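One structure below.
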Ligand code: UT7
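In this note's numbering, the protein residues as written are 579 to 893.
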């Protein structure tokens, strides 16, 4: 396939490091030096559905196709207010599409799981145009009293429209179960037949363990894709890495011995927006004219599971 349009949407509310330092025992210097984040957008009066729909509409507008032309909608999401129906169904109705749709939970890698699924459906001859939307609200998963996590995340939505083409050169997805390093449990409705305790825990994260996994996974995924397609690191024009921590991105950049300009960042403005991170970055670069036709682009992400994913494509 080929990406023919992108879009994104952000909440209105900006939460700066300074604001967080009045809520928990933290400070701007710690957050900036350890993560690269200066501020993040956090959902207040808007809904995640509205942002997902807005990002989807913008991606369709950018692609120049109508919602009626879509053959499939894939929405990557970890949590939203609805348990059911799927967020993709809500998006489908709002944009006026009629195609089948499905949600997937690939944690922060959801966008790349979506691209991989779209490509597989395309190769099987079942679809021509696919919308992949990533919409995430981690601010509703974590404790705002826990300084080790509340400074890291932000909310947002990003989307891409894929259509006929042979620009996706290779993808790689991995999963290795390590469910105690990064998870959240939420309460379900009580049942008279269920005697198990019901847990309702905010996001729990062992930061250093995730950091090590993330750096190793990203570097091994990128190397795998380069080996598979026969390119050297120098041949890649842009590396778009999951915006979780600028130190992880720097580590990957140094190992690949590449210049800073090839690793665009927006983490300073949005923090870690989970699976929305990559499509938001992609949309920013696209609209700023920073992606040239034919450029070689690598995307790479990691997240809870642990899962990781990467993709090499021509723009
Ligand atoms: O999408 C995937 C999601 N997760 C990630 O990508 C996270 C990956 N991990 C990381 O990005 C980093 O591990 C963190 C940013 C979470 C933490 O950075 P670190 O350099 O690994 O710090 P640390 O956990 O070793 O903590 C160092 C110190 C500790 O104090 P002591 O024990 O040395 O006294 C922490 O209690 O920093 C303290 N600390 C803070 N201090 C000020 C932890 N959070 C904060 C904070 N403000 N917000």
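The C-beta atom is built at its ideal place from N, Cα and C for all residues, glycine as well.
This one's a predicted model, so the numbers in the text were calculated from it and none came from an experiment.
Any chain C beta carbon closer than 8 angstroms to residue i
i: residue 615; result: The chain labelled as chain C is not found in the depicted structure, where only one protein chain is given.
Spatial distance of residue i from residue j (CA atoms)
i: residue 839; j: residue 604; result: 30 angstroms
i: residue 885; j: residue 785; result: 15 angstroms
i: residue 634; j: residue 835; result: 36 angstroms
i: residue 650; j: residue 694; result: 13 angstroms
i: residue 767; j: residue 710; result: 31 angstroms
i: residue 602; j: residue 678; result: 44 angstroms
i: residue 860; j: residue 773; result: 47 angstroms
i: residue 661; j: residue 776; result: 17 angstroms
i: residue 813; j: residue 874; result: 7 angstroms
i: residue 598; j: residue 610; result: 13 angstroms
i: residue 778; j: residue 811; result: 44 angstroms
Neighbourhood of residue i by C-beta, 6 angstroms cutoff - its chain only, sequence neighbours within 5 removed
i: residue 594; result: 617
i: residue 890; result: 747, 748, 803, 807, 876
i: residue 881; result: 685, 686, 687
i: residue 841; result: 817, 827, 831
Reduced DSSP category for residue i - H, G, I as helix; E, B as strand; rest coil
i: residue 809; result: coil
i: residue 743; result: coil
i: residue 716; result: helix
Given residue i as reference, the closest of the options once Cα atoms are compared
i: residue 579; options: 602, 670, 620, 702; result: 702
i: residue 627; options: 654, 602, 598, 606; result: 654
i: residue 620; options: 589, 720, 610, 598; result: 589
Spatial neighbours of residue i in its chain, beta-carbon cut-off 8 angstroms, leaving aside the 5 residues before and after
i: residue 852; result: 656, 685, 686, 688, 712, 714, 716, 731, 881
i: residue 612; result: 823, 825
Close Cβ partners of residue i (< 7 angstroms) along its chain, the five nearest in sequence each way excluded
i: residue 872; result: 892, 893
i: residue 845; result: 614, 615, 821, 824
i: residue 801; result: none
i: residue 788; result: 759, 760
Check: residue i C-beta below 7 angstroms from any heavy atom of ligand 3
i: residue 745; result: Ligands displayed in this structure: ligand 1; ligand 3 is not among them.
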